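> My questions will all concern the structure given below.
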Amino acid sequence: IKKIAILTSGGDAPGMNACIRAAYLAARNEGIEVIGYQHGYNGLLKQDFVEFEHRDIRNLIQRGGTVLYSARCEKFTKEEHRIKAAANLDEAGIDGLIVIGGNGSFKGAELLQDIWDKPVIGVPGTIDNDIAGTDYTIGYHTAIQTAVESIDKVRDTADAFERIFIVDVMGREAGFIALNSAIAGGADHVVLPETFESAADELVRILDKLDQRRKNHANSSHIIVITENLWPGGLNILCDSLQTETGIDTRILTLGHVQRGGSPVWQDRILASKLGAFAVEMVINDERGRMAGIRHRYPESVPLGTSREDRKPLNHYSMSMLDKITLLG
Ligand code: F6P
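Have a look at this one:
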């Protein structure tokens, strides 16, 4: 193996740079050259790459975002473009490709592997943590940290005005960020895609919770964390219903893309470093169509398809525990 390529694809996540750095160092220590395709699969289609040198990875471990830029690439869903990508990899003399991204990026990686005869390895990088076959994804811990800091801050003003705050966090269709930021932020209720049945049922649950908290003389501010895009018709509807039913002033805080930014916390730096180094080992071992996942703190090679096959479950204990420790506020 003489040369490998790396790209970052889909929603960027804190720690992607740390992963690029680790992969570069692990490869260089084996005498392997490293190039980086820019703007995800788009760079691969346009032969748009940078040749990494030592100076490129200096001070990279702590930087948010991705120095390779990221993108979602519609073209890659078409076979003709994937054939072009495989030809470009051969033309550039690449012996293995590492794709850092989420489920959509892995689908592209799998399809590319079908037509390219050298290793394509995925590394899970997304704040959502919604990839099966790995305990954690790069960026997830930092996103929780950002959400928790925001909950802490908003509680100050919620308390001062005795208001209800609905905190809208990312996660796409998974409740990992919501559940764990709710626990770590001491929220009073969490609304998760995994348990959401209908707006009517959920509203009853929330009102019941607020009622019990008030009866128990709990703090008169209330924090409700909810996963993005979940409430039918949007959060204004929930906000209006809560305000009308409780008579308590209610506000919405949408955290949005700040959750994707910032310097990665140590958990993401370590995870990214382990998986970046392991992905290079996988290329050297000529593994094909596989993902570098983490299981019980050790890296593990799993088929890329695993990442999408099952819905990764939330921690059941965490889900039931939240109710036990929020009733009294
Ligand atoms: O997958 C990461 C993520 O940040 C999701 O949490 C969110 O739903 C989505 O990407 C937002 O995508 P975009 O940056 O294209 O708005």
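If you read the sequence shown in the numbering used here, its first letter stands for residue 11, the second for the next number, and so on.
Each residue gets a CB set at the ideal place from its N, CA and C atoms; glycine is no exception.
On a predicted model such as this, the values are computed, not experimentally measured, just so you know.
Heavy atom of the ligand F6P less than 7 Å from the Cβ of HIS151, yes or no?
Position 141 of the sequence shown, counted from the first residue, corresponds to residue 151. Answer for HIS151: no, Cβ out of range of the ligand F6P.
> Can you say whether ARG68 is buried or exposed, counting buried as having 16 or more other CB atoms within 10 angstroms of its CB?
In the sequence shown, the residue the question calls residue 68 occupies position 58. Its Cβ having fewer than 16 others within 10 Å, ARG68 is exposed.
> Below 8 Å, can you find three or more Cβ-Cβ pairs linking the region 75-87 to the region 13-27?
They touch, by the three-pair rule.
> What are the start and end residues of the alpha helix (DSSP H) that includes ILE233?
Position 223 of the sequence shown, counted from the start, is the residue given in the question as residue 233. Run containing ILE233: none in the alpha helix (DSSP H); it sits in the beta strand (DSSP E), 232-237.
> I'd like the ranges of any alpha helix (DSSP H) spanning at least 4 consecutive residues and lying wholly in the region 157-207.
Runs found: 186-194.
> Below 8 Å on the Cβ atoms is my contact criterion, and I expect LEU107 with VAL133 to pass it. Report the Cβ-Cβ distance as a whole number of Å.
The sequence position of residue 107 within the sequence shown is 97, counting from 1. The sequence position of residue 133 within the sequence shown is 123, counting from 1. Incorrect: roughly 11 Å between the Cβ atoms, too far for contact.
> On the criterion of 16 or more Cβ atoms from any shown chain inside 10 Å, does VAL235 qualify as buried, or is it exposed?
Within the sequence shown, the letter at position 225 stands for residue 235. When all chains shown are included, VAL235 counts as buried.
> Using DSSP with H/G/I as helix, E/B as strand and the rest coil, what is PHE59?
Working through the sequence shown from its first residue, we reach residue 59 at position 49. Of the three classes helix, strand and coil, the one that applies to PHE59 here is strand, per DSSP.
> How would you label ASP22, buried or exposed, when you count the other beta carbons within 10 angstroms and need 16 or more for buried?
Counting from 1 along the sequence shown, the entry for residue 22 is found at position 12. When all chains shown are included, ASP22 counts as buried.
> Going by the beta-carbon positions, is the gap between PRO274 and ALA282 smaller than 8 Å?
On the sequence shown, residue 274 is found 264 positions in, with the first residue counted as 1. On the sequence shown, residue 282 is found 272 positions in, with the first residue counted as 1. The answer is yes: Cβ separation under 8 Å.
> With DSSP as the reference, please indicate the residues paired to ILE148 in a beta bridge.
On the sequence shown, residue 148 is found 138 positions in, with the first residue counted as 1. Note: ILE148 sits in a beta bridge opposite GLY135.
> Could I get the ranges of all uninterrupted alpha helix (DSSP H) runs contained in the region 66-131, with 4 residues as the minimum, in chain order?
You should have 89-101, 113-125.
> Could you tell me how far apart the beta carbons of ALA102 and GLN57 are, in whole angstroms, since I believe they sit closer than 8 Å?
Here residue 102 corresponds to residue number 92 of the sequence shown, with the count starting at 1. Here residue 57 corresponds to residue number 47 of the sequence shown, with the count starting at 1. Right, their Cβ atoms sit about 7 Å apart.
> Assuming the contact rule is C-beta atoms closer than 8 Å, SER317 and ALA142 should be a hit. Round their C-beta distance to whole Å, please.
Along the sequence shown, read from residue 1 onward, the residue named residue 317 stands at position 307. Along the sequence shown, read from residue 1 onward, the residue named residue 142 stands at position 132. Contact holds; Cβ gap of about 6 Å.
> Given the structure, does MET26 come close to the ligand F6P, in the sense that its CB is under 7 Å from one of the ligand's heavy atoms?
As a first step, residue 26 must be located in the sequence shown, where it is residue number 16. No - the ligand F6P has no heavy atom lying nearer than 7 Å to the Cβ of MET26.
> Quick check on the DSSP output: the alpha helix (DSSP H) that includes ALA23 runs from which residue to which?
On the sequence shown, position 13 is the one that residue 23 refers to. Run containing ALA23: none; DSSP gives neither H nor E here.
> May I ask you to report which of helix, strand or coil DSSP gives ILE304?
Locating residue 304 in the sequence shown gives position 294, where the first residue counts as 1. Strand, per DSSP.
> Can you determine whether any heavy atom of the ligand F6P sits closer than 7 Å to the C-beta of THR76, and answer yes or no?
For this step, residue 76 is matched to residue 66 along the sequence shown. No, the Cβ of THR76 stays beyond 7 Å of every heavy atom of the ligand F6P.
> What is the residue span of the alpha helix (DSSP H) that VAL214 lies within?
In the sequence shown, counting from the first residue as 1, residue 214 sits at position 204. It spans 209-225 - the alpha helix (DSSP H) in which VAL214 sits, taken as one unbroken run.
> Hey, quick one: how far does the alpha helix (DSSP H) through LYS12 stretch, first residue to last?
The residue given as residue 12 occupies position 2 in the sequence shown. Unbroken run through LYS12: none, as it is neither H nor E.
> Ordered along the chain, which non-local residues of its own chain (more than five positions away) have a Cβ less than 8 Å from that of LEU263?
Stepping through the sequence shown from its first residue, residue 263 is reached at position 253. Closer than 8 Å at Cβ, skipping near neighbours: SER160, VAL164, PHE175, ILE176, VAL177, ASP178.
> Might you give, ordered along the chain, the residues of its own chain that have their beta carbon closer than 6 Å to the beta carbon of ARG31, omitting 5 neighbours on each side?
Start at 1 with the first residue of the sequence shown, and residue 31 comes out as number 21. Answer for ARG31: ILE67, LEU70, ILE71, listed in chain order.
> Compute the minimum distance between the beta carbon of GLU238 and the heavy atoms of the ligand F6P, and state whether it is under 7 Å.
For the purposes of this step, residue 238 is identified with residue 228 of the sequence shown, where counting begins at 1. Yes, the ligand F6P has a heavy atom inside 7 Å of this Cβ.
> What's the gap between the Cα of ASP278 and the Cα of ALA95?
As a first step, residue 278 must be located in the sequence shown, where it is residue number 268. As a first step, residue 95 must be located in the sequence shown, where it is residue number 85. Rounded to whole angstroms, ASP278 to ALA95 spans 30 Å at the Cα level.
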